[in-house]
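Single-structure report; data block below.
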Amino acid sequence: MLTGLVSGESFAKVKGVVESLLEELGIKEIEIKPYQLQKTFYGKIFHPSRRAEIIFKNNSLGIFGQLKKEKVFVFDLDFTQIVKDTNEIKKYQAIPKYPPIIEDLSFVIPEKTYVGEIMKAIKTTSLIIQRVELIDSFEDSRTFRVTYQDTKKTLTDEEVEKIRKSIIDNLKNKLRLKLKGKGEN
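Residues 1 to 185, numbered by UniProt numbering, are exactly what the sequence shown covers, in order.
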């Protein structure tokens, strides 16, 4: 097991730490699902609405959550399972020739909508989208940083606008999200 403790942070920050750690270990496109097992050790020590299970290829890689009555988060990862799921050998990757375009998109989010679903929906909109990060969370709104980058050419504003519109339409239709502030929905 690989266990860590983070104090004084938010659930979203700790989720980001876990995602970054797994990405460095070669595990990408994980699913974060609510941890439902009430009668287990973790079910008893974690806050009921601030705990999650980490899934990769239908295997549980571990859990993380906030300890009850504490501003302390714990993650516990199954390192044996991570090693089994990591078959990626890191290779040299040249610095991209063409610049990325980075923008922040804020959405009003209905209750019980999982951030992981939103990030996956954004990322799968286009192969040009290289990275999606949750950067802010306030009440019913979430802000995502989207990095667009083509390996073969510099993107135009028109190309990015087309992808952005697809993201907004996709999230509106699939998850009932509204873009915040621009009156686009």
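Where is the CB? At the ideal position from N, CA and C, for every residue including glycine.
From a predicted model like this one, the values you see are computed outputs, not experimental measurements.
Check the C-beta distance from residue i over to residue j and give it rounded, since I have them as a contact under 8 Å.
i, j, result
"R145", "I129", "Not confirmed; about 11 Å, so no contact."
"T80", "S106", "At roughly 39 Å, the Cβ-Cβ gap does not stay under 8 Å, so T80 and S106 are not in contact."
"Q66", "F138", "About 18 Å; that fails the 8 Å criterion."
"K33", "V108", "23 Å between Cβ atoms; not a contact."
"D85", "K57", "6 Å"
"E31", "G116", "6 Å"
"K174", "A121", "6 Å"
"N170", "T125", "6 Å"
"T156", "R131", "Wrong, their Cβ atoms sit about 20 Å apart, outside the cutoff."
Looking at the strands, I want to know which residues DSSP matches up with residue i.
i, result
"S7", "V72"
"I30", "Paired residue(s): none; I30 is not in a bridge."
"L25", "Note: L25 sits in no beta bridge, so no partner."
"L37", "According to DSSP, which records beta bridges pairwise, L37 is partnered with nothing at all."
Please list the terminal residues of the continuous alpha helix (DSSP H) segment that includes residue i.
i, result
"L61", "Taken as a continuous stretch (DSSP letters only), L61 belongs to no alpha helix (DSSP H), being part of the beta strand (DSSP E) at 59-67."
"I82", "79-85"
By alpha-carbon positions, which one of the options ends up nearest to residue i?
i, options, result
"G26", "I82, T3, P96, S137", "I82"
"D104", "E24, K180, N59", "K180"
"T151", "E29, N58, P99", "P99"
"V18", "E70, D76, K69", "D76"
"E111", "N59, I54, S49", "S49"
"I45", "E31, K33, I63", "I63"
"S7", "D78, I102, V72", "V72"
"Q36", "L21, A52, L155, K28", "A52"
"E29", "G16, F41, K39", "G16"
"T154", "K69, I101, D78", "I101"
"L21", "K69, D78, K68", "D78"
"K68", "Y42, S60, M1", "Y42"
"S141", "R131, K97, I118", "I118"
"K13", "Q149, E133, Y148", "E133"
"S60", "Q149, M1, E70, E9", "M1"
"T3", "I55, T40, V74", "V74"
"M127", "I167, K39, K97", "Correcting the residue identity first, residue 127 is Leu in this sequence and not Met. Here the closest residue by C-alpha is I167."
"E70", "I54, R176, L5", "L5"
Within the continuous beta strand (DSSP E) that includes residue i, where are the two ends?
i, result
"I54", "46-56"
Q) Which whole runs of the alpha helix (DSSP H) in the UniProt domain "FDX-ACB" (96-180) are 4 residues long or more, in chain order? A) 115-123, 157-175
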